[in-house]
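Asker:
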Amino acid sequence: MKKTAILISLILLLNNLLFAQSYKYEFNGIVQHANNPIKNVNIKIYQGENLIVDKNTLLNGYFKFKLKFNTEYFLMVTKDGYKTKNIFISTKIENITSDIKSDFFAININEGSGIEAMLELQLASNGDLITEGEEAQNKIEQANRTARKILNRAYITADSLIKQATSYKDEIYAILEDNKNNTNKNNDIPNANEIDYKEENIVIDKYVNVNPNAKIATIQDTLNIINDLINSDSDKMTLIRLQLQQAINTNDTSQIRLLQEQLVLFDDQIKMLKKLAKMYERQITIQNLELSKNRLLIISISVFLFFILIILFFIAFLYKRKLKSNKKLFELNTNLKKQKDEIHEVNKYIKTSIKYAKEIQEIILPFESEINQHFENFIIFKPKDVVSGDFYWYHEINTGNKYSSLIAVVDCTGHGIPGAFMSILGYNILNHIIIDKKIYEPSIILEELDKEIIKSLKQEQTKNIDGMDIILCKLQKVNEKLNVSFAAAKRTLFLYNSQTQQIEKIKGTRRSIGGQLKVIKVENFETIKVKTNKNDIIYLFSDGYIDQCNIERKRFGTKKLTELLTKNATKPMQEQHKNIEKALNDYQQTTSQRDDITFVGIKI
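In this note's numbering, the protein residues as written are 391 to 994.
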């Protein structure tokens, strides 16, 4: 049975090394008093100073918990009105014995004071190992199958060796007994009685009774003793041969026969001892192989654990770096959110300011109702951004029997906020020239506007090149007759002739307002008088309309605009407004607006 116990211990130790961290003992129990279960009993379990379980029993006094393998615990059972129960629990492998029967135990506690009842504590024979995953369960089953194979092979080998040793023992005892009897019969043989078999009997007994599962050192010692016996018997055979030669020389027949029988006896004994030696050598070889396998297994487990440690270290390193990255990311997100909030506030403020600027710009622009009092008209005003660099201007002059109206469409450099500043500057300068200085001649107005822009922007000192294009019309009514004249800076007047039903294009001066140094002589602005008929229409517009591109990046152009105006000139002005705007939207489609657009139509 010793060999079985040692193998089982080795297998359990191997299981402990491989799976100690993957299993737990499961304990099921009941707390009772006088064989009656007690509910709401507090059960606390400590591992050292750490509390790892804190729970109460159920209505039936039942409780259940799991503890790690190969560890010591301290269990405390308490309830008001009952005596406290303290229990020491060990799940170490050396505490697992063959008399452990079940995983259920009862804890008896007494009321108040008195002698505590004896603790009944039993564990399952298999340790009641509970797997923590399908992979761990497969490993346990594989290890148990391997252990059973090793145990079965050990049983077969041990039984075979015991049978052989018993057989050899009986033969040796029979030979030695017969040899002893023959020696006692003839005391006349010189030195024959000096052969002592007591030592051989002791050695054989020691050999036969040796544990086949003993350590290699013990087996090796026995093998050395057997080899010494073989050498001793060989020496004794040499002595017997000398005695035999002496008997032959003296012709002592009885002594010759006795010595020959002794030679045969020792020869058989040496053969038997050599067989035993081979058997032990074979056993040592087997155990060496087992040790080599165990050593290889330990090395493999060590290498495996080493790689596991490396992987865990790498995972810990990555996790730490991830935490660090997350911290940086959190700080970055916090800063970005703060900046986003600040930008949002600034953007909100800017949008509010631009919206207010738009309201101011719309307020200063003339109302259509002012122009409608004297002329049928339409106005299209579409800034590219919230505020516009384009603007239109209108003023009425009433001097006695003469009534005049001045209307202008102005396209300043840029668009958006910069263009809006220029438009406010141009608007104020026009008011100053026409209203304050009372200058009504279109060409002179443009000359004055050019000077004021250059002066206001200090273009001779700053090299600033901002300016504007403008077309300014004067509509003068004299004795029920309407005279039309205009001056333009790089703009063209479109006139619909109701007699010929054609669009006439009258170009202005090819010179801008501001935006250039007057180092060389430039062309003077010219007032151009236009001959008109009743129901003629004049069109004033900035270049934003004809410069608008479609999805193929092609401009609307002057040709398409001429065709559009010719087609719609006979229609009411508001219908023209609608059709001109629709034509632009259909052409533009999904492309963005390229520039500010201002378009004014006045029917004479």
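Built from N, CA and C at the ideal position, the CB exists for glycine as well.
Report the partner residues of HIS764 according to the DSSP bridge assignment.
Answerer: Note: HIS764 sits in no beta bridge, so no partner.
Asker: For HIS734, which of helix, strand or coil comes out of DSSP?
Answerer: Reduced to three states, the DSSP call for HIS734 is helix.
Asker: Would you mind reading off the limits of the alpha helix (DSSP H) that contains PHE811?
Answerer: Here the alpha helix (DSSP H) through PHE811 covers 806-821.
Asker: Name the two residues that bound the continuous beta strand (DSSP E) containing GLY991.
Answerer: Unbroken beta strand (DSSP E) run through GLY991: 987-993.
Asker: Excluding the five sequence neighbours on either side, which residues of its own chain have a C-beta within less than 8 angstroms of the C-beta of ARG647, listed in chain order?
Answerer: Closer than 8 angstroms at the Cβ level, and outside the excluded window around ARG647, lies no residue.
Asker: Counting along the chain, where does the beta strand (DSSP E) carrying THR468 start and finish?
Answerer: Taken as a continuous stretch (DSSP letters only), the beta strand (DSSP E) holding THR468 covers 462-468.
Asker: Determine contact between the stretch 823-839 and the stretch 971-986, defined as no fewer than three beta-carbon pairs at a distance below 8 angstroms.
Answerer: The stretch 823-839 vs the stretch 971-986: no contact.
Asker: When you compare only the Cα positions, how much space is there between ILE428 and PHE478?
Answerer: The straight-line gap from Cα to Cα measures roughly 21 angstroms.
Asker: With DSSP run on the structure shown, which of helix, strand or coil describes GLU894?
Answerer: GLU894: strand per DSSP, three-state reduction.
Asker: Does at least one heavy atom of the ligand MG sit under 7 angstroms from the Cβ of LYS728?
Answerer: Because no ligand of any kind appears in the structure shown, any question about the ligand MG cannot be addressed here.
Asker: Relative to the C-alpha of ILE918, which candidate in SER888, ASN873, GLN892, GLN889 has its C-alpha closest?
Answerer: Of the candidates SER888, ASN873, GLN892, GLN889, the one whose C-alpha sits nearest the C-alpha of ILE918 is ASN873.
Asker: Let me make sure I understand the geometry here. Which of LYS792, GLU732, ILE499 has the alpha-carbon closest to that of VAL868?
Answerer: For VAL868, the nearest C-alpha among the options comes from LYS792.
Asker: So, helix, strand or coil for GLY947, using DSSP?
Answerer: Helix, per DSSP.
Asker: What beta strand (DSSP E) runs, 3 residues minimum, are completely inside the stretch 774-805?
Answerer: 780-789, 792-802, all fully within the stretch 774-805.
Asker: Measuring CA to CA, which of GLY934, GLU766, LYS664 is closest to LEU951?
Answerer: Nearest option by C-alpha distance: GLY934.
Asker: Please report the residue range of the alpha helix (DSSP H) in which LEU839 lies.
Answerer: Per DSSP, LEU839 belongs to the alpha helix (DSSP H) from 832-846.
Asker: Determine the DSSP secondary structure at GLU416, reduced to helix, strand or coil.
Answerer: Reduced to three states, the DSSP call for GLU416 is strand.
Asker: What is the DSSP secondary structure of VAL654, reduced to helix, strand or coil?
Answerer: DSSP places VAL654 in helix when its eight states are reduced to three.
Asker: Distance, Cα to Cα, GLN849 vs THR899?
Answerer: The straight-line gap from Cα to Cα measures roughly 21 angstroms.
Asker: For the candidate residues ILE688, GLY991, PHE417, ASN418, whose alpha-carbon lies nearest to that of ILE770?
Answerer: Cα-wise, what sits closest to ILE770 is GLY991.
Asker: How many angstroms separate the CA atom of ALA879 from the CA atom of SER902?
Answerer: Looking at the two C-alpha atoms, the distance is approximately 5 angstroms.
Asker: DSSP three-state call for ILE688: helix, strand or coil?
Answerer: DSSP places ILE688 in helix when its eight states are reduced to three.
Asker: Taking the alpha carbon of SER743 as the reference point, which residue from VAL800, GLY806, LYS661, PHE704 has its own alpha carbon closest?
Answerer: Selected option, being the one with the closest Cα: GLY806.
Asker: Can you give the beta carbon distance from LEU820 to CYS863, rounded, assuming they're within the 8 angstroms contact cut?
Answerer: That belief does not hold up - the Cβ atoms of LEU820 and CYS863 are roughly 13 angstroms apart, past 8 angstroms.
Asker: Hey, how far is the Cα of GLU721 from the Cα of SER715?
Answerer: The alpha-carbon atoms of GLU721 and SER715 are separated by roughly 10 angstroms.
Asker: Here's a check: name, in chain order, each residue in its chain whose Cβ is nearer than 6 angstroms to the Cβ of ASN854, leaving out the five neighbours to either side.
Answerer: Cβ within range, chain order: LEU847.
Asker: With DSSP as the reference, label LEU755 as helix, strand or coil.
Answerer: LEU755 falls in the coil class under three-state DSSP.
Asker: Under the DSSP definition of a beta bridge, which residues are partnered with PHE771?
Answerer: Paired residue(s): THR988.
Asker: Are there 16 or more other CB atoms within 10 angstroms of the CB of GLY471, so buried, or fewer, so exposed?
Answerer: Burial call: exposed.
Asker: So THR803 and GLY905 are in contact, right, with Cβ under 8 angstroms, and what is the actual spacing, rounded?
Answerer: Confirmed, Cβ separation roughly 7 angstroms.
Asker: Tell me, to the nearest whole angstrom, how far the beta carbon of PHE417 is from that of PHE459; I am working on the premise that it is less than 8 angstroms.
Answerer: At roughly 13 angstroms, the Cβ-Cβ gap does not stay under 8 angstroms, so PHE417 and PHE459 are not in contact.
Asker: From what residue to what residue does the alpha helix (DSSP H) around LYS968 run?
Answerer: Its alpha helix (DSSP H) spans residues 963-978.
Asker: Helix, strand or coil for ALA667 per DSSP?
Answerer: In this structure, ALA667 counts as helix in the three-state DSSP scheme.
Asker: Considering only C-alpha positions, which residue in the set ILE499, THR628, LEU663, GLU842 is nearest to LEU653?
Answerer: With distances taken between Cα atoms, LEU653 lies closest to THR628.
Asker: Can the beta-carbon of ILE435 be found less than 8 angstroms from the beta-carbon of VAL467?
Answerer: Contact flag unset, no.
Asker: Would you call the stretch 936-946 and the stretch 957-967 in contact, with 3 or more CB pairs under 8 angstroms?
Answerer: Too few Cβ pairs lie closer than 8 angstroms, so no.
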